Amino acid sequence: MFGRRHGISRVWNGPIPYVLISKASAVEPILSNPKLVEKSNDYEYMKAWLGNGLLTSPGHIWHPRRKSLTPAFHFKILSDFVGIFQNQADVLIEKLGEQARAHPQEGFNIVPYVTLCALDIFCETAMGCPVYAQQNANSEYVRAHKQIGQVIRNRLQKIWLHPDFVFKRTDEFRKHQECLKVLHTFSDRVVRERKEELRRRKALQAENNNNNNSEEEDNILLHDGTGGKKKQLAFLDLLLEGSGLSDLAIREEVDTFIIGGHDTTAAAMAWILYLLGADPAIQERAVAEIDAVMGGDRERRPTMAELNEMRYLEACIKEGLRLYPSIPVIGRRLTEDVRVENYTLPAGTTAMIVVYELHRDPVVFPNPDKYNPDHFLPESCAGRHPYAYIPFSAGPRNCIGQKFAILEEKSVLSAVLRKYRVEAVNRREDVQLLCDLVLRPKDGLVVRLHERT
Numbered sequence: 001m002f003g004r005r006h007g008i009s010r011v012w013n014g015p016i017p018y019v020l021i022s023k024a025s026a027v028e029p030i031l032s033n034p035k036l037v038e039k040s041n042d043y044e045y046m047k048a049w050l051g052n053g054l055l056t057s058p059g060h061i062w063h064p065r066r067k068s069l070t071p072a073f074h075f076k077i078l079s080d081f082v083g084i085f086q087n088q089a090d091v092l093i094e095k096l097g098e099q100a101r102a103h104p105q106e107g108f109n110i111v112p113y114v115t116l117c118a119l120d121i122f123c124e125t126a127m128g129c130p131v132y133a134q135q136n137a138n139s140e141y142v143r144a145h146k147q148i149g150q151v152i153r154n155r156l157q158k159i160w161l162h163p164d165f166v167f168k169r170t171d172e173f174r175k176h177q178e179c180l181k182v183l184h185t186f187s188d189r190v191v192r193e194r195k196e197e198l199r200r201r202k203a204l205q206a207e208n209n210n211n212n213n214s215e216e217e218d219n220i221l222l223h224d225g226t227g228g229k230k231k232q233l234a235f236l237d238l239l240l241e242g243s244g245l246s247d248l249a250i251r252e253e254v255d256t257f258i259i260g261g262h263d264t265t266a267a268a269m270a271w272i273l274y275l276l277g278a279d280p281a282i283q284e285r286a287v288a289e290i291d292a293v294m295g296g297d298r299e300r301r302p303t304m305a306e307l308n309e310m311r312y313l314e315a316c317i318k319e320g321l322r323l324y325p326s327i328p329v330i331g332r333r334l335t336e337d338v339r340v341e342n343y344t345l346p347a348g349t350t351a352m353i354v355v356y357e358l359h360r361d362p363v364v365f366p367n368p369d370k371y372n373p374d375h376f377l378p379e380s381c382a383g384r385h386p387y388a389y390i391p392f393s394a395g396p397r398n399c400i401g402q403k404f405a406i407l408e409e410k411s412v413l414s415a416v417l418r419k420y421r422v423e424a425v426n427r428r429e430d431v432q433l434l435c436d437l438v439l440r441p442k443d444g445l446v447v448r449l450h451e452r453t
């Protein structure tokens, strides 16, 4: 109760003291400080998988990597990914339709279907190769992704598994290593193949230039090199072309992009569909906006400009992320003394920013447990503390992919809502939360879907 009233409290995680922070004015001096970018030790359990990717790297590695990667998230690059979002949303709609017809009365858990869709999106945009997770949920790669997340979650939650000398003597470690072999082998192979493909395309461009075929000079790198159709550049291609990173570093960033993105956006989309299903008036207001933007055409795919016009849908997404932030806690290891409110937190302290509680501050968000997208209309946002709402973290080490995430979520959610009316089956008060790598519903989110006419 002290922490909820004052926004700062101390707890012990075994022998390690943590300071919990859930007040905007107390969050700001930590997240805004460019010197305080070291992640807490909790992130170490992902390093065997992600290495020194942006999510897990120490500050001296993170700074230059972040600078190298930022151009890959330019709005022009993002607009090129919209087609992938929509292709995978079409597959999701088909899979949801199968479940809706099979379970018309009792409904079904929507979480696994949205999760597989997000994995397909992130693998194709990251690596340029589809993994067909929605069509084959039992593939070795998909199973490894799911299982390694479970292993890391178990290790985080069971303090006796924290020491390496204990963990390495368990069956969990064996599973961990088997998953790593599958995931790294796949990523390494894709990096090698795309690197060779890029080399081949450059050779063709050089040959083309020598032959003075200037008409094709600017486009050859975007084609498959055999006179075929225009090729979609992936995140991996952009890193191979211009980041200056080693193959290992590129693999780390590709793996980080996939795990840091697909789990978080999947959780967000599942929660938002559920929340819209629990409030028909809000859902129909969002659908009316989509119809208005699309001119009533429920078959045509929206352009990026049209997605950007769906402002109420974006408010629905932001409000879902307020109530159920995908990353409910952000950890920082303080490398210097920090003055927070009336306290001095000494260097070496682990500060845990409890985003879930921060977003439910009744002073900032009246009636904080109610789903109310109006919280994110322009007039409501005016004057709000900039650190009161941080679903993508904030400050210099914020999420590099937040614009990608919102665009993906708008693409997929608008597609689902144009096709189906969503009806929530679970009551919100009955949904138990599970915090592993992301904030999930412990037993899923059961919905009924009704096809729109």
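First residue of the sequence shown? That's 1 in UniProt numbering, and the numbers climb one at a time after it. Positions of the beta carbon are idealized from the N, C-alpha and C atoms, including for glycine. Treat the numbers as computed from the prediction; the structure is a model and nothing was measured.
- [ ] Would you list, in sequence order, the uninterrupted alpha helix (DSSP H) runs of no fewer than 4 residues that lie entirely inside the region 106 to 141?
- [x] 111 to 127
Task: Pro163, DSSP secondary structure in three states - done: For this step, residue 163 is matched to residue 163 along the sequence shown. Residue state, collapsed to three classes: coil.
Task: Extent of the continuous beta strand (DSSP E) to which Cys435 belongs - done: Position 435 of the sequence shown, counting from 1, holds the residue named residue 435. Here the beta strand (DSSP E) through Cys435 covers Leu433 to Cys435.
Open item on the list: Here's the rule: buried if 16 or more other CB atoms are within 10 angstroms of the residue's CB, otherwise exposed. What is His359?
Closed with: Within the sequence shown, numbered from 1, the residue matching residue 359 stands at position 359. Classification for His359: buried.
Task: Alpha-carbon to alpha-carbon, Val438 and Val410 - done: Counted from its first residue, the sequence shown places residue 410 at position 410. Counted from its first residue, the sequence shown places residue 438 at position 438. Here the sequence assigns Lys to residue 410, which means Val is not the residue at that position. Going by the C-alpha atoms only, they are around 20 angstroms apart.
TODO: Assess, as a yes-or-no matter, whether the region 285 to 301 is touched by the region 249 to 262 under the definition of 3 or more beta carbon pairs within less than 8 angstroms.
DONE: no
Open item on the list: I'd like to know if the region 412 to 432 and the region 375 to 383 are in contact, where contact means that at least 3 CB-CB pairs between them fall below 8 angstroms.
Closed with: no
- [ ] Name the two residues that bound the continuous beta strand (DSSP E) containing Asn13.
- [x] Taking the sequence shown and counting its residues from 1, the one referred to as residue 13 is at position 13. It spans Ile8 to Asn13 - the beta strand (DSSP E) in which Asn13 sits, taken as one unbroken run.
Open item on the list: Give me, in chain order, the residues of the same chain whose beta-carbon lies closer than 8 angstroms to that of Ile220; leave out the 5 immediate sequence neighbours on both sides.
Closed with: As a working mapping, residue 220 is identified with position 220 in the sequence shown. Unreliable positioning characterises Ile220 in this predicted model, as indicated by a pLDDT of 43, which lies under 50. The coordinate reading is nonetheless provided below. Arg201, Leu204, Gln205 and Asn208.
Task: Straight-line Cα distance separating Arg440 from Asp164 - done: To locate residue 164, count along the sequence shown from 1; it is residue 164. To locate residue 440, count along the sequence shown from 1; it is residue 440. Distance between the alpha carbons of Asp164 and Arg440 is about 27 angstroms.
- [ ] Enumerate, from N- to C-terminal direction, the unbroken alpha helix (DSSP H) stretches of 4 or more residues contained entirely within the region 332 to 415.
- [x] 355 to 358 and 378 to 381
Open item on the list: Please tell me whether Pro325 and Tyr356 are closer than 8 angstroms, where the distance is taken between their beta carbons.
Closed with: If you number the sequence shown from 1, residue 325 lands on position 325. If you number the sequence shown from 1, residue 356 lands on position 356. Contact: yes.
Open item on the list: I need the DSSP call for Glu451, collapsed to helix, strand or coil.
Closed with: Here residue 451 refers to the residue found at position 451 when the sequence shown is read from its first residue. Of the three classes helix, strand and coil, the one that applies to Glu451 here is strand, per DSSP.
- [ ] Measure the CB-CB distance between Ile16 and Thr350 and report whether it falls below 8 angstroms.
- [x] In the sequence shown, the residue the question calls residue 16 occupies position 16. In the sequence shown, the residue the question calls residue 350 occupies position 350. In contact: Ile16 and Thr350 (Cβ atoms closer than 8 angstroms).
Open item on the list: On a Cα-Cα basis, can you pick out the residue from Phe235, Ile93, Ile148 and Gly59 that is closest to residue 458?
Closed with: Here the chain covers residues 1 to 453 and nothing more, so residue 458 does not appear.
Open item on the list: Looking at Trp49: is its Cβ nearer than 8 angstroms to the Cβ of Leu198?
Closed with: Position 49 of the sequence shown, counting from 1, holds the residue named residue 49. Position 198 of the sequence shown, counting from 1, holds the residue named residue 198. Going by C-beta atoms, Trp49 is not nearer than 8 angstroms to Leu198.
Task: alpha helix (DSSP H) runs wholly inside the region 81 to 106, at least 4 long, in chain order - done: none
Open item on the list: Looking only at its chain, what residues have a beta carbon closer than 8 angstroms to the beta carbon of Lys23, apart from the 5 residues adjacent to it on each side?
Closed with: The residue you call residue 23 lines up with position 23 of the sequence shown. The answer, listed in chain order, is His6, Gly7, Ile8, Glu341, Leu358 and Asp361.
- [ ] Return the chain-ordered list of same chain residues with a C-beta closer than 7 angstroms to the C-beta of Glu241, the five sequence neighbours on each side being excluded.
- [x] Taking the first residue of the sequence shown as 1, we reach residue 241 at position 241. Cβ within range, chain order: Leu198.
Task: Neighbour-count burial assignment, Thr264, 16 or more Cβ in a 10 Å radius - done: The residue given as residue 264 occupies position 264 in the sequence shown. The residue in question, Thr264, is buried, as its Cβ has 16 or more Cβ neighbours within 10 Å.
Open item on the list: I believe Gln147 touches Lys175 by the beta-carbon criterion, under 8 angstroms. Please report the beta-carbon distance rounded to the nearest angstrom.
Closed with: As a first step, residue 147 must be located in the sequence shown, where it is residue number 147. As a first step, residue 175 must be located in the sequence shown, where it is residue number 175. Sure, about 6 angstroms apart at Cβ, within 8 angstroms.
- [ ] State the Cα-Cα distance for the pair Lys39 and Val182, rounded to the nearest angstrom.
- [x] Here the question's residue 39 lines up with position 39 in the sequence shown. Here the question's residue 182 lines up with position 182 in the sequence shown. When rounded, the distance between both Cα atoms is 27 angstroms.
Task: Exposure label - Gly228; buried when at least 16 CB within 10 Å - done: In the sequence shown, residue 228 corresponds to position 228, counting from 1. Summary for Gly228: the model assigns pLDDT 47, below 50, so the residue's position carries little reliability, and this model does not support an answer.
Open item on the list: Using 8 angstroms for Cβ pairs, my map puts Ile282 next to Leu276. What's the rounded Cβ distance?
Closed with: Counting from one through the sequence shown, the residue named residue 282 turns up at place 282. Counting from one through the sequence shown, the residue named residue 276 turns up at place 276. Sure, about 6 angstroms apart at Cβ, within 8 angstroms.
Open item on the list: Using C-beta distances below 8 angstroms, list every residue in its chain close to Glu217, excluding the 5 sequence neighbours before and after it, in chain order.
Closed with: The sequence position of residue 217 within the sequence shown is 217, counting from 1. A caution first: Glu217 carries a pLDDT of 48, below 50, which makes its placement in the model too unreliable to give a value.
- [ ] Would you tell me roughly how many angstroms separate the C-alpha atoms of Ala72 and Val431, rounded to the nearest one?
- [x] For this step, residue 72 is matched to residue 72 along the sequence shown. For this step, residue 431 is matched to residue 431 along the sequence shown. For Ala72 and Val431, the distance between alpha carbons rounds to 38 angstroms.
Open item on the list: Please state the DSSP three-state secondary structure of Lys158.
Closed with: For the purposes of this step, residue 158 is taken as residue 158 along the sequence shown, with counting starting at 1. The answer is coil: DSSP assigns Lys158 none of H, G, I, E or B.
Open item on the list: Between Trp62, Leu407 and Pro368, which has its C-alpha nearest Asn398's C-alpha?
Closed with: The count along the sequence shown starts at 1 and reaches residue 398 at position 398. Out of Trp62, Leu407 and Pro368, Trp62 has the C-alpha closest to the C-alpha of Asn398.
Task: Straight-line Cα distance separating Ile327 from Arg418 - done: Numbered from its first residue, the sequence shown carries residue 418 at position 418. Numbered from its first residue, the sequence shown carries residue 327 at position 327. Rounded to whole angstroms, Arg418 to Ile327 spans 28 angstroms at the Cα level.
- [ ] Could you tell me the boundaries of the beta strand (DSSP E) in which Ile30 lies?
- [x] The sequence position of residue 30 within the sequence shown is 30, counting from 1. Per DSSP, Ile30 belongs to no beta strand (DSSP E); it is in the alpha helix (DSSP H), Ala24 to Leu31.
Open item on the list: Using only the alpha-carbon positions, how far apart do Tyr18 and Glu319 sit?
Closed with: Your numbering for residue 18 matches position 18 in the sequence shown. Your numbering for residue 319 matches position 319 in the sequence shown. Distance between the alpha carbons of Tyr18 and Glu319 is about 28 angstroms.
Task: Cutoff 6 angstroms; reference Val131; Cβ partners in own chain excluding five residues on either side - done: Taking the first residue of the sequence shown as 1, we reach residue 131 at position 131. Cys123 and Tyr141.
Open item on the list: Quick check on Ile327: does DSSP put it in helix, strand or coil?
Closed with: The residue labelled residue 327 in the question sits at position 327 within the sequence shown. Coil at Ile327, not helix or strand.
Open item on the list: Give me the DSSP bridge partner(s) of Pro441.
Closed with: In the sequence shown, the residue the question calls residue 441 occupies position 441. DSSP, once it has assigned bridges, lists Leu433 as partnering Pro441.
TODO: Using alpha carbons as the reference points, say which of Leu116, Ala137, Gly331 and Arg311 lies closest to Met269.
DONE: Along the sequence shown, read from residue 1 onward, the residue named residue 269 stands at position 269. Among Leu116, Ala137, Gly331 and Arg311, the Cα nearest to that of Met269 belongs to Leu116.
Open item on the list: Just list the residues that DSSP pairs Glu423 with in beta bridges.
Closed with: Working through the sequence shown from its first residue, we reach residue 423 at position 423. Beta-bridge pairing links Glu423 to Arg448.
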